[in-house]
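Colleague: Counting from 1, one number per residue, gives the positions in the sequence shown under the numbering used here.
Glycine is no exception: its CB is placed at the ideal position from the N, C-alpha and C atoms.
Note that the coordinates shown come from a computational prediction; the quantities given were computed from them, not determined experimentally.
Here's a structure for you.
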Amino acid sequence: MIEKVYIICHGQSGHNRGHQKLKEARYELDRLHIPYLVYPSEYATHTVDLIDMIIRKYFNEDHHRLLVIGGDGTLNAAVSQLVKMGSEVPITYLPAGTGSDFARAHLKDQSTASIIMNMVQNRHCQKIKIGNYQDQTLTNHGCFVNNFGTGFDAEVTYSVEKYQLKSHLGRFGLARFSYIVGVFFSFNRLKLFESEITVDGKVHHFNRCGLVAVMNHPFLGGGIQLNPGPKTSQSPQLACIIYHDLSWRALPLLVWQTLITHQQVHSSHYTRLTGETITVRSNQTLRSEMDGETLPERIVDINHQINRYPFYLE
1 MIEKVYIICH
11 GQSGHNRGHQ
21 KLKEARYELD
31 RLHIPYLVYP
41 SEYATHTVDL
51 IDMIIRKYFN
61 EDHHRLLVIG
71 GDGTLNAAVS
81 QLVKMGSEVP
91 ITYLPAGTGS
101 DFARAHLKDQ
111 STASIIMNMV
121 QNRHCQKIKI
131 GNYQDQTLTN
141 HGCFVNNFGT
151 GFDAEVTYSV
161 EKYQLKSHLG
171 RFGLARFSYI
181 VGVFFSFNRL
191 KLFESEITVD
201 GKVHHFNRCG
211 LVAVMNHPFL
221 GGGIQLNPGP
231 KTSQSPQLAC
241 IIYHDLSWRA
251 LPLLVWQTLI
261 THQQVHSSHY
271 TRLTGETITV
281 RSNQTLRSEM
291 DGETLPERIV
301 DINHQINRYP
311 FYLE
C-alpha cells in the first residue's frame, strides 16, 4: 500500500504548465486518498538537491512513490542524480515542458489520471533506454534521457537560450516552435567538421559534418523526428545520426526533408548508425547539447553507452 507520494515540481516549466500539472496530480491523489508532499524545484540544481535529500532521508521503495513534474531538463536532472546514487527508484513523470520529447516518445497521449493510476496500482513499471556519457575533454559524465548532440543541434539550443525564444514565443502560445525558429537563427554559426565515430569497436570517418547526435528515440527539439521510425524508442541500441558531406547548396533541401517531410533518411547526406557503445571525436572546437542543456565549445571526445532506468509507463 502506498503511504506517501513525493512530488518534485518545476512549476514554471512550459510557461507555468508545471503548476497546472501539479494541480491535476493533487486532484487525483486527493480523490484516491493518498498522502503526498510537494517539493518545488526553483533553481538550476534544485531538482538534484531534492532527489538527494528525499532518497537519502525519507524514501521507502515499498511504501513510497516518486513523481516528477516538469520539462525534459527536470527529468534529466532527476534521472541523473538517481543513477549517480546507484538508485533504481521508479519514476512517474508528468510532462510539462515546451518540448517534452521524452513524453512524445514514451507517454503518447496518456492523461494525468492514467499516469497516476499506473503508479498507484504498481502497473507497467518498465526499464526505459537512456544513455550514459563521458566527456573526456570536460572530464565530466552523466546521463541523457533524449539525446546528446554535437554541432548544429547545439548551436540551435544555444540560440534558443541566447535570444530567449521560448519566452518571446510563449507570449503568443508558440513556445513549442522555439527550436524550429532557432534553426533559422543559427545558420550563421554552422560549422562543418570532420568526425571519427566508433560504434561497438568499428571506426567510421565522416567529412564536412554539420551535426552528430546520439539518440534514445526519434525526437529532439520539441518533436523533430531526427531519428524517424516506428520502433526506434523500443530499439535495444543507441542511434547515432550524422549529417555529413554538406554544402550550402544541399542545406535547403535537407532542412525541408528534416523539418517538413521527414524524408532525410533518403538523403546521401544522412547516415544512421546503431550500437550499444558510441564514441564521437573531432579535433575541432564544437558546442554540444544534452537534453536541451548547452555544453561549452571544446575539442570533442565523448563516449556514450546504453543504460536503462525504471519508469511507470503504460
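1) Using only alpha-carbon positions, find the residue among R308, E314, Q257 that is nearest to V79.
2) Take the Cβ of H124 as the centre, count every other Cβ of all protein chains shown within 10 Å, and call the residue buried at 16 or more, exposed below.
3) With a threshold of 8 Å on Cβ separation, who are the neighbours of M1 within its own chain once the five nearest residues in sequence on each side are excluded?
4) Which residues share a DSSP beta bridge with T277?
5) By the 10 Å Cβ neighbour count, where 16 or more other Cβ atoms means buried, how is H244 classified, buried or exposed?
6) Between the Cα of Q126 and the Cα atoms of I91, V181, V156, which residue gives the shortest distance?
7) With 7 Å set as the bound, which would you pick, yes or no: does the beta-carbon of A250 sit closer than that to a beta-carbon of chain B?
8) For the region 164 to 203, which segments carrying the alpha helix (DSSP H) assignment without a break, of at least 4 residues, lie completely within its bounds, in sequence order?
9) Put V89 into one of helix, strand or coil per three-state DSSP.
10) Please report the straight-line C-alpha distance between L227 and S114, rounded to a whole angstrom.
11) Would you call the region 21 to 28 and the region 102 to 121 in contact, with 3 or more CB pairs under 8 Å?
12) Answer with buried or exposed for Y43, where buried requires no fewer than 16 other C-beta atoms within 10 angstroms of its C-beta.
13) Leaving aside the five residues before and after V348 along the sequence, list all residues of the same chain whose C-beta is less than 7 Å from its C-beta, in chain order.
14) Cutting at 8 Å between CB atoms, please list the residues of its own chain near L246, excluding the five before and the five after it.
15) Quick one: using the 10 Å Cβ neighbour count with 16 as the cut-off for buried, is V160 buried or exposed?
16) Are the Cβ atoms of N315 and D291 separated by less than 7 Å?
17) Under 6 Å Cβ to Cβ from E196, same chain only, skipping five residues before and after it: list those, please.
18) Note the first and the last residue of the continuous alpha helix (DSSP H) segment covering R17.
19) For R176 versus T98, is the C-beta spacing smaller than 7 Å?
20) In whole angstroms, what separates the C-alpha of G149 from that of E293?
21) Per DSSP, what kind of secondary structure is E314 in: helix, strand or coil?
22) Using the beta-carbon count (16 or more within 10 Å), is S100 buried or exposed?
23) So, is Y58 buried or exposed, given that buried needs 16 or more other C-beta atoms within 10 angstroms?
24) Where does F59 sit, in a helix, a strand or coil, going by DSSP?
25) Tell me which residues share the same chain as Y21 and place their Cβ nearer than 6 Å to its Cβ, disregarding the 5 neighbours each side in the sequence.
26) So N283 and M215 are supposed to be a Cβ contact under 8 Å. How far apart are they, rounded?
27) From P35, F184, D135, M85, pick the residue whose C-alpha is nearest to that of L67; which is it?
Modeller: According to the structure shown:
1) Numbered from 1 along the sequence shown, position 79 holds the residue referred to as residue 79. Comparing Cα-Cα distances from V79 to each of R308, E314, Q257, the minimum goes to R308.
2) The count along the sequence shown starts at 1 and reaches residue 124 at position 124. H124 sits exposed, since fewer than 16 C-beta atoms from the chains shown fall within 10 Å of its C-beta.
3) Locating residue 1 in the sequence shown gives position 1, where the first residue counts as 1. In the same chain as M1, and ignoring 5 residues on each side of it, the C-beta atoms closer than 8 Å to its own belong to H63, in chain order.
4) For this step, residue 277 is matched to residue 277 along the sequence shown. The partner list for T277 (beta bridge, DSSP) reads Q305.
5) Taking the sequence shown and counting its residues from 1, the one referred to as residue 244 is at position 244. With 16 or more other CB atoms across the displayed protein chains lying within 10 angstroms of its CB, H244 is buried.
6) Sequence index remark: in the sequence shown, residue 126 carries index 126 (1-based). The shortest C-alpha separation from Q126 is found at I91.
7) Among the protein chains of the structure shown there is no chain B, as only one such chain exists.
8) List check, alpha helix (DSSP H) in window: 165 to 170, 178 to 185.
9) Locating residue 89 in the sequence shown gives position 89, where the first residue counts as 1. The three-state reading of DSSP puts V89 in coil, since its state is none of H, G, I, E or B.
10) Position 227 of the sequence shown, counted from the first residue, corresponds to residue 227. Position 114 of the sequence shown, counted from the first residue, corresponds to residue 114. Reading off the sequence shown, one finds Asn at residue 227, where the question assumed Leu. So the alpha carbons of these two residues sit roughly 28 Å apart.
11) Between the region 21 to 28 and the region 102 to 121, the count of Cβ pairs shorter than 8 Å is three or higher; the stretches touch.
12) The residue you call residue 43 lines up with position 43 of the sequence shown. By the neighbour-count rule (16 or more Cβ atoms within 10 Å), Y43 is not buried but exposed.
13) Since the first and last residues shown for the chain are 1 and 314, residue 348 lies out of range.
14) Taking the first residue of the sequence shown as 1, we reach residue 246 at position 246. When the five nearest sequence neighbours on each side are left out, the beta carbons in the same chain lying within less than 8 Å of the beta carbon of L246 are those of L192, R208, C209, G210, L254, H269, in order along the chain.
15) Against the sequence shown, residue 160 aligns to sequence position 160. Under this definition V160 is a buried residue.
16) One cannot answer for residue 315 here, as it falls past the ends of the chain, which runs 1 to 314.
17) By 1-based counting over the sequence shown, the position of residue 196 is 196. The beta carbon of E196 sits closer than 6 Å to the beta carbons of H205, R281 from its chain, once the five residues preceding and following it are set aside; these are given in chain order.
18) Here residue 17 is taken as the residue at index 17 of the sequence shown, counted from 1. 13 to 31 is the span of the alpha helix (DSSP H), which, as asked, contains R17.
19) As a position in the sequence shown, residue 176 is number 176, starting the count at 1. As a position in the sequence shown, residue 98 is number 98, starting the count at 1. Yes, they are a contact pair.
20) Against the sequence shown, residue 149 aligns to sequence position 149. Against the sequence shown, residue 293 aligns to sequence position 293. Using only the alpha carbons, I get a separation of about 10 Å.
21) Reading the sequence shown from its first residue, position 314 is the one you call residue 314. E314: coil per DSSP, three-state reduction.
22) Counting from one through the sequence shown, the residue named residue 100 turns up at place 100. S100 comes out buried.
23) Taking the sequence shown and counting its residues from 1, one reaches residue 58 at position 58. When all chains shown are included, Y58 counts as exposed.
24) Here the question's residue 59 lines up with position 59 in the sequence shown. Reduced to three states, the DSSP call for F59 is coil.
25) Position 21 of the sequence shown, counting from 1, holds the residue named residue 21. The identity of residue 21 in the sequence shown is Lys, whereas the question assumes Tyr. Scanning its chain for C-beta atoms nearer than 6 Å, with the 5 sequence neighbours on each side dropped, one finds around K21 the residues I69, L94, A96, in chain order.
26) Looking up residue 283 in the sequence shown gives position 283. Looking up residue 215 in the sequence shown gives position 215. Under the criterion of beta carbons closer than 8 Å, N283 and M215 do not qualify as touching, at roughly 24 Å.
27) On the sequence shown, position 67 is the one that residue 67 refers to. Of the listed residues, the one whose Cα sits closest to L67 is P35.
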